[in-house]
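Residue numbers (my numbering): 12 to 776.
C-beta: ideal position from N, C-alpha, C; glycine also.
On a predicted model such as this, the values are computed, not experimentally measured, just so you know.
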């Protein structure tokens, strides 16, 4: 059997990988004497909190600038009172954003005297100076910001949610770029966090709290990003946006604002870098898997952005899929022009393109092929009508073309055009209320034709699709006290495809009693209408609007040393949910059907520490029970992964060296098995019970080693990622076939990512 034939090879490769892992782990734990010797540069970091509630503040812009003058002889008591070294070379400044725990950090800082500037959307700015950094030291500078008594509208590039922090993750550039095996993909960077998991190693689409990947909306700067993945819906996928463009990643895993519709499970919002550079800057990189570039420059009072990526996975084809794969390649392009207005508003126009190509030789003159291209034109207008009112207008026109075929197997072609128009008004009503309301129109039209796999045979499916969705929402964020935030609102949606309408009320509450403790809860209704791909995969089976009711409660405890504990429990009840009628192959899309109801029960624990010291770490545990019911028969959902554990850590070794490790464990996913069948004369296979079997448990260890070297033009860095360093044979799917000539049944096992080394080189200027 296939699962046994590769055993010896896996064991041999596993021994070599284990020795490699041991050497790198030893480096992480002990550091290198040569690296640490003669260290002159240091680091500055700390934590930003709300002065009233002493809770961490995420997404605060922190700027570090060299101070030209000599420091005052009187320094803050928390800073070292030593002789100041010579002032560093004046720089334009370095900037970063605080993460979800309010932490920030600057590495490779020359010794000298500096100024720290803190700027938050809902808090008064603050400047700390002088900051004295000794050679080779790690300096911690915490800051607390005063909440604004009378808020003023601030134009923001992304869909920043200023409400309670329940079920929300905010990652700055450093946080989503550092995980091993993220490979510059913001989606892969969030894999393994509590409640977030991919279907397998080859997919960037994330499943959130027991929901399918299609139940999570993806946004770019607050606008829907309909084609967010290369090879979306295929056996493997990758994010379709260059990670060098992204400034922050915000993930809502439940209880999110009524501003976001057509999503049952979560929202992933990518915010691009929006600062206007004084000169042309950017990043250029090349590696064994990907070549990429992102350029930024001034355009009058505004700025321009251009990004491009190309990947050819030829180096890894044979290692992952044997010699059958002829090629896997993709590219994406992004360009934008941003122009500010004198009253604080701005206009942005952006173009996107993504293309994919896959070829595989199946033997006996059989082939599999898939190619696709998507393009989009987007515009965003933001006008500050007065100091308390912001008008936002967003429009987009996107298109997708896909051709996929397998000789003698499943095939389909797809054409789609999507148009979006959204208008919203944000209004500050006194010191306690933040009112937000808007209207949206969405049109999707196109067609699909081909076949759908039902587990045994192929069913023909042909679809001519046109759907219009109209939406309206209104919401208020009310702060009756400094330590109390209440968000409440409702949205209405109507779909022309199903003829159904829905009203979705939602609320969330956050209370900070003090001492670094925050209590949170949320409840609400969430609605999603069937997508074109789901209607096609239903192959004539009627499906309609899905409804999910969320109930969430949790608490957070944050300490001044950077340690943060988050505990949440949730329950989701779904009506008329859409799921696969058969699930033979976890990684492939098969025929879907309507279930009468579904339910997801879960609990999550996150414990992390981010500090200016050399160590940062995080531990996540999640329990999930996801079930579905059809005509009285209860079965696990495809996403029913009962236990998952994630451990990650990073250590700064000095002189620009940094090492990291990430370990993930997860219970086996359910699948629909094939059973042997015979009547004594004929033999064959039949489908077993829906999701009646489970794959073996999943375990994976990834390691990373990188170094950044300062240069006259900026910075040069290299990075080595070791994926699945122990070469564990994690199972992706199990198939059963009958060979009439041999009169025997054979079980074939397909595996996920083997041990892969990935090298990359990048320069920033």
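Nearest candidate by alpha-carbon position, reference residue i, set the options
i: residue 210; options: 650, 485, 352 and 58; result: 650
i: residue 479; options: 389, 430, 398 and 729; result: 430
i: residue 546; options: 560, 518, 582 and 605; result: 605
i: residue 59; options: 645, 433, 474 and 137; result: 137
i: residue 758; options: 766, 764, 388 and 748; result: 748
i: residue 388; options: 296, 625, 214 and 348; result: 348
i: residue 485; options: 473, 492, 500 and 537; result: 500
i: residue 346; options: 285, 395 and 544; result: 285
i: residue 279; options: 555, 514, 218 and 560; result: 218
i: residue 473; options: 460, 361, 240 and 481; result: 460
i: residue 642; options: 619, 609, 617 and 615; result: 609
i: residue 513; options: 273, 704, 716 and 403; result: 273
i: residue 399; options: 425, 409, 548 and 437; result: 437
i: residue 502; options: 378, 451 and 463; result: 451
i: residue 619; options: 232, 575, 134 and 183; result: 575
i: residue 77; options: 230, 51 and 122; result: 122
i: residue 370; options: 175, 585, 245 and 361; result: 245
i: residue 402; options: 564, 386, 648 and 355; result: 355
i: residue 481; options: 449, 295, 487 and 463; result: 449
i: residue 11; options: 554, 426 and 447; result: In this structure the chain extends from 12 to 776, so residue 11 is not present and cannot be described.
i: residue 701; options: 215, 742, 593 and 753; result: 593
i: residue 712; options: 734, 251, 706 and 719; result: 734
i: residue 191; options: 770, 776, 775 and 774; result: 770
Residue i vs residue j beta-carbon contact at 9 Å
i: residue 384; j: residue 364; result: yes
i: residue 466; j: residue 428; result: no
i: residue 257; j: residue 281; result: yes
i: residue 768; j: residue 740; result: no
i: residue 548; j: residue 601; result: yes
i: residue 632; j: residue 611; result: no
i: residue 413; j: residue 424; result: yes
i: residue 51; j: residue 146; result: yes
i: residue 255; j: residue 183; result: no
i: residue 635; j: residue 613; result: yes
Rounded distance between the beta-carbons of residue j and residue i, thought under 8 Å
i: residue 822; j: residue 627; result: The structure shown does not extend to residue 822, since the chain is modelled only from 12 to 776, so the question has no answer here.
i: residue 561; j: residue 265; result: 5 Å
i: residue 208; j: residue 200; result: In fact, because the Cβ distance is near 13 Å, the residues do not count as touching under 8 Å.
i: residue 139; j: residue 533; result: The pair is not a contact, with the Cβ atoms about 35 Å apart (cut-off 8 Å).
i: residue 151; j: residue 57; result: 5 Å
i: residue 300; j: residue 322; result: 6 Å
i: residue 704; j: residue 682; result: 6 Å
i: residue 667; j: residue 719; result: 4 Å
Cβ neighbour criterion (16 or more within 10 Å) applied to residue i
i: residue 117; result: buried
i: residue 440; result: exposed
i: residue 83; result: Residue confidence is low: residue 83 scores 42 on pLDDT, short of 50, so the model does not pin down where it sits. Its coordinate-derived value is still stated next. Classification of residue 83: exposed, given that the 10 Å Cβ count is below 16.
i: residue 724; result: exposed
i: residue 670; result: buried
i: residue 468; result: exposed
i: residue 318; result: buried
i: residue 15; result: At residue 15 the pLDDT is 38, less than 50, meaning the model places this residue with poor confidence and gives no usable figure here.
i: residue 367; result: buried
i: residue 101; result: In this prediction, residue 101 has a pLDDT of 38, which is less than 50 and means its spatial position is unreliable; what the coordinates show is noted afterwards. Residue 101 is exposed by the Cβ-count criterion.
i: residue 310; result: exposed
i: residue 570; result: exposed
i: residue 89; result: Bear in mind that the predicted position of residue 89 carries a pLDDT of just 36, short of 50, making it unreliable; the figure below should be weighed with that in mind. So residue 89 ends up on the exposed side.
i: residue 772; result: exposed
i: residue 688; result: exposed
i: residue 277; result: buried
i: residue 684; result: buried
i: residue 168; result: Here residue 168 scores only 41 on pLDDT, less than 50, and its place in the model should not be relied on; the value that follows carries that caveat. The residue in question, residue 168, is buried, as its Cβ has 16 or more Cβ neighbours within 10 Å.
i: residue 717; result: buried
Residue range of the unbroken beta strand (DSSP E) whose run includes residue i
i: residue 405; result: 400-417
i: residue 198; result: It is not in any beta strand (DSSP E) - residue 198 instead sits in the alpha helix (DSSP H) that spans 197-200.
i: residue 317; result: 313-323
i: residue 513; result: 512-525
i: residue 559; result: 557-569
i: residue 109; result: Segment: none, residue 109 is in no beta strand (DSSP E) and carries neither H nor E.
i: residue 637; result: 626-641
i: residue 587; result: Looking at the DSSP string, residue 587 is not in any beta strand (DSSP E), and its letter there is neither H nor E.
i: residue 489; result: 469-492
Continuous alpha helix (DSSP H) stretch holding residue i: start and end
i: residue 758; result: Where residue 758 is concerned, there is no enclosing alpha helix (DSSP H), although the beta strand (DSSP E) it sits in stretches over 755-762.
i: residue 184; result: 184-188
i: residue 548; result: 543-549
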